[in-house]
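Numbering (full-length UniProt numbering), first residue to last: 1 to 341.
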C-alpha cells in the first residue's frame with residue numbers, strides 16, 4: 001500500500017502563535033503557547049498508558065473524561081466502544097476539544113489467532129472514534145505501533161511505507177488508514193514497547209520478567225529483537241504537550257498526519273532481564289542469551305525497530321535534544337519495580 005496516498009505527513013514545521021511562554025513539561029523546558037486548558041476525552045483510561053495520560057492532563061488543569069469498560073470505577077464512565085450510539089452520546093454530552101483513543105488490543109500473539117477480533121477492536125472502533133471526533137469538532141490522536149513496519153529498513157521516518165508482518169501490525173495499520181480517511185486532521189502517533197507504573201507485573205512484557213528472573217532457575221531471553229522501551233510517563237507528557245499546542249496554534253495542519261515517539265536506549269529482552277536482575281540485586285548467572293531468531297509459532301516480529309521522531313521533536317521545539325521526554329531506562333524501571341521487590 002502506498003503510505004502517502006491516505007496517511008498524509010502534513011507540514012513538518014512547528015507553527016506557534018505570537019504569544020509564547022517557556023514552561024516545564026515533563027521536567028523539560030519546551031516552547032509552547034500560552035493557552036487555557038481544554039476538555040479531553042480519553043478511551044482506554046484504565047490501561048497502562050491511559051492512567052498516565054489521565055494523570056498528566058488533570059495535573060495541567062484540563063477537564064478530563066475517561067472512558068473504560070471492564071475496569072471502570074470511580075469517576076470513569078463505563079462505555080462499550082462497540083456501541084456506536086453509546087459512544088456518540090458521550091461525545092454529545094462532553095463536547096471534547098481533544099480525543100485520545102487509547103483503547104486497543106496490543107498483544108500480538110493473541111491477535112494472531114483471531115484476525116476478526118483484531119480488525120474490530122483496532123480498526124473498526126478506530127474508525128468509529130474518528131468519525132465521531134470529526135463530527136463533534138474534536139481533534140484526535142490515534143496511537144499506533146512500530147509493528148506497522150517489518151524491521152528490514154530501519155530506522156523508519158514518518159513517511160516510510162508500512163509493511164506489517166503480523167495480524168496486530170495489520171490491524172493497527174488498518175486503523176491508521178481508517179482514521180486518516182474519516183478525520184484527515186487527526187494525528188497518528190506510533191510508539192514501541194511501553195513500560196511504566198503497573199498494578200500487576202504482568203501488565204507489561206518488561207515488568208513481567210521480574211517474576212521469571214527472581215525464580216533463579218535458567219531463563220532463556222531473546223537477544224535478537226531490538227527494542228526501545230518507552231516510559232508511559234514520558235509519552236503521556238508528549239501527548240499532553242501535543243494537545244496543548246494544537247489547541248492554541250493557528251496552523252492546525254502542523255498537527256495532522258503521522259508522528260513517531262520512542263526512547264533512545266536500545267535494549268533486547270536479554271539486556272532488560274539483566275537490568276531487572278541488577279535492580280533486584282539478583283545474580284545474572286541463570287540468564288541465558290539467545291541470539292537466534294524466534295522459532296515459528298508466535299506472531300512474527302520485526303528485528304529492528306528504530307523509528308525517527310523528527311516531526312514531533314520539531315513540533316515540540318526539542319530537536320537536537322535527545323533526552324527531552326526520555327527517561328533513563330534503568331532508573332525509571334527501578335522506580336516502578338520497587339513495590340514488587
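Backbone N, C-alpha and C fix where the C-beta goes; we use that ideal spot for every residue, glycine too.
Reference residue i, options the options, closest by Cα
{"i": "residue 118", "options": "146, 175, 223", "result": "175"}
{"i": "residue 284", "options": "311, 180, 219", "result": "219"}
{"i": "residue 291", "options": "146, 268, 336", "result": "268"}
{"i": "residue 233", "options": "40, 152, 52", "result": "52"}
{"i": "residue 138", "options": "40, 271, 334", "result": "40"}
{"i": "residue 272", "options": "296, 136, 334", "result": "334"}
{"i": "residue 202", "options": "340, 55, 59", "result": "340"}
{"i": "residue 130", "options": "328, 186, 231, 298", "result": "186"}
Burial state of residue i (16 or more Cβ within 10 Å)
{"i": "residue 240", "result": "buried"}
{"i": "residue 38", "result": "buried"}
{"i": "residue 217", "result": "exposed"}
{"i": "residue 247", "result": "buried"}
{"i": "residue 94", "result": "buried"}
{"i": "residue 254", "result": "buried"}
{"i": "residue 96", "result": "buried"}
{"i": "residue 209", "result": "buried"}
{"i": "residue 200", "result": "exposed"}
{"i": "residue 293", "result": "exposed"}
{"i": "residue 191", "result": "buried"}
Any non-hydrogen atom of the ligand SAM within 8 Å of residue i CB
{"i": "residue 43", "result": "Inclusion of the ligand SAM in the displayed structure is not the case, the ligand content being empty and no account of it being possible."}
Beta-carbon contacts of residue i that lie in its chain and below 8 Å, excluding the five residues immediately before and after
{"i": "residue 128", "result": "81, 84, 87"}
{"i": "residue 77", "result": "65, 66, 67, 68, 90"}
{"i": "residue 336", "result": "195, 196, 197, 198, 207"}
{"i": "residue 92", "result": "136"}
{"i": "residue 58", "result": "64"}
Bounding residues of the alpha helix (DSSP H) (the contiguous stretch that carries residue i)
{"i": "residue 74", "result": "Counting along the chain, residue 74 falls outside any alpha helix (DSSP H), and DSSP gives it neither H nor E."}
{"i": "residue 130", "result": "125-135"}
Chain-order list of residues whose beta-carbon lies under 6 Å from that of residue i (same chain, five-residue window excluded)
{"i": "residue 25", "result": "Confidence at residue 25 is low in this model, with a pLDDT of 40, below 50, so the placement of that residue should be treated as unreliable; the coordinate-derived value is given next. The answer, listed in chain order, is 237, 241."}
{"i": "residue 193", "result": "227, 229"}
{"i": "residue 156", "result": "149, 307"}
{"i": "residue 103", "result": "43, 44, 81"}
{"i": "residue 115", "result": "167"}
{"i": "residue 222", "result": "269, 290"}
Supposed contact pair residue j and residue i - C-beta distance, whole angstroms, cut 8 Å
{"i": "residue 98", "j": "residue 243", "result": "5 Å"}
{"i": "residue 326", "j": "residue 263", "result": "5 Å"}
{"i": "residue 147", "j": "residue 188", "result": "That belief does not hold up - the Cβ atoms of residue 147 and residue 188 are roughly 14 Å apart, past 8 Å."}
{"i": "residue 313", "j": "residue 305", "result": "That belief does not hold up - the Cβ atoms of residue 313 and residue 305 are roughly 18 Å apart, past 8 Å."}
For residue i, the first and last residue of its enclosing beta strand (DSSP E)
{"i": "residue 222", "result": "219-222"}
{"i": "residue 64", "result": "63-68"}
{"i": "residue 141", "result": "139-145"}
{"i": "residue 191", "result": "187-191"}
{"i": "residue 57", "result": "Premise fails: residue 57 lies in the alpha helix (DSSP H), 48-59, not in any beta strand (DSSP E)."}
Residues near residue i by beta carbon distance below 7 Å, same chain, minus five either side
{"i": "residue 171", "result": "111, 118, 119, 122, 123"}
{"i": "residue 204", "result": "48, 194, 195, 198"}
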